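Enquirer: Here the sequence shown is numbered in our numbering, starting from 37 and rising by one per residue. No residue lacks a Cβ here, since even glycine has one placed at the ideal position from N, Cα and C. Remember, predicted model here, so these are calculated numbers, not experimental data. Take this structure, written in structure tokens, and hold onto it; I'll ask about it next.
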Amino acid sequence: MNMYNPPHPGEFIELVYLESFGISCRTLATHLGVAASTLSRIVKGKSAISPEMALRLSKTLGRTPESWLSMQDNYELWRAKQRLDLNTVQRLDLNAA
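As structure tokens, this is what we get:
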């Protein structure tokens, strides 16, 4: 599924959980079992969701770990499409080999 400018998972966490429920970053970090600075980097979009963090988020907030990783992948893929020039990349004809 192609998305236009998907949010970083940290932006999603901030809007859907922290702001909506009035939860502090420190409180959520405590429930996740991570340092507040670790969660803060994710919320600010400076760090990515790792598989370990996806498992923690899933247990703490719900959603599946796969959905957290998918959100991260969609964000990174969209950013790569904005930066990468594929004009010099050529398709390989595997039938001719």
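Check whether the region 87 to 101 and the region 110 to 126 touch, using three or more Cβ-Cβ pairs below 8 Å as the test.
Expert: Verdict: no, contact absent.
Enquirer: Taking C-beta to C-beta, are Q126 and P45 nearer than 9 Å?
Expert: no
Enquirer: Grab me the residues of H67's own chain with a C-beta within less than 7 Å of its C-beta, minus the 5 sequence neighbours each way, in chain order.
Expert: T96
Enquirer: Does the distance from the CB of I59 to the CB of L93 come in under 9 Å?
Expert: no
Enquirer: Ordered along the chain, which non-local residues of its own chain (more than five positions away) have a Cβ less than 7 Å from that of L75?
Expert: Within the same chain, L75 has close Cβ partners C61, L64, A65 and L68.
Enquirer: Output needed for P42: all residues of its chain with C-beta closer than 6 Å, excluding positions within five of it in sequence on either side, in chain order.
Expert: N110, Y111 and W114
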